[in-house]
Amino acid sequence: MRMAGFPGVVGTIDGTHVRIIASSTVNEGTYINRKGIHSINVQVVFDPNYKILDLVPKWPGSTHDARVLSQSGLTGLFKENYVHPGCHLLGDSGYPLKHWLLTPYRRPQGEQQLNCNRAHKVTRAVVESVIGQLKRRLHVLHGEIRHSPERACRIIMACGILHYIFKARDLLLLDDDDEKDDGDDNSDE
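Put into structure tokens, the structure is as follows:
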């Protein structure tokens, strides 16, 4: 499988934030992301057809994308070779480089590395567009979820399942513009 010209890429990974109401829990401060907004940090992996392969909606907004990944079951699948060794994910600069996770060059040198980073950037723009589409289709994700963080996580998961069904059955909704996500992630780009 190829994605953005990279052989063996089975998907792209990104983090996005879904706003929640300020919780009165003991850990309320952990839900405040780097933009000062209460949120859930959601990890999502899309396949080349932009169907959701993995969705992790359980981390407070202050949690960095790299930590979400390191604590997810996805890391174990790749570490324990449950995924073919020639398979990779594409991630942005908010993720660590791993043999199974390709990230942009931090300081590209030469045309080949610059081209690699350009391909990453194009793929990232598409993924952000799909995340934006998901949030527009299921408006609860675009605004502020007014439930406890635990319930908000279940709502986000249900929305991910609905998005998967929409894609699997080629169901189009009226609001399928190609706007990007709000860019509320932890990358350096």
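The working numbering numbers the first residue of the sequence shown as 148 and each following residue consecutively.
Even for Gly, the Cβ is constructed at its ideal location relative to N, Cα and C.
Predicted, not measured: the structure shown is a model, and the values here were computed from it.
- If you draw a straight line from the Cα of Val192 to the Cα of Ala169, it comes to about 27 Å.
- DSSP places Leu224 within a helical segment (H, G or I) once states are collapsed to three.
- Between Asn188 and Gly162, the CB-CB gap stays under 8 Å.
- Per DSSP, the unbroken beta strand (DSSP E) holding His164 starts and ends at Val156 to Ile167.
- In the DSSP secondary-structure assignment, Trp206 is bridged to Asn188.
- Counting along the chain, Leu236 sits inside no alpha helix (DSSP H); it lies in the beta strand (DSSP E) bounded by residues His235 to Leu237.
- Phe225 and Arg283 have their C-alpha atoms some 32 Å from each other.
- In this structure, the straight-line span from the alpha carbon of Glu258 to that of Val203 is close to 36 Å.
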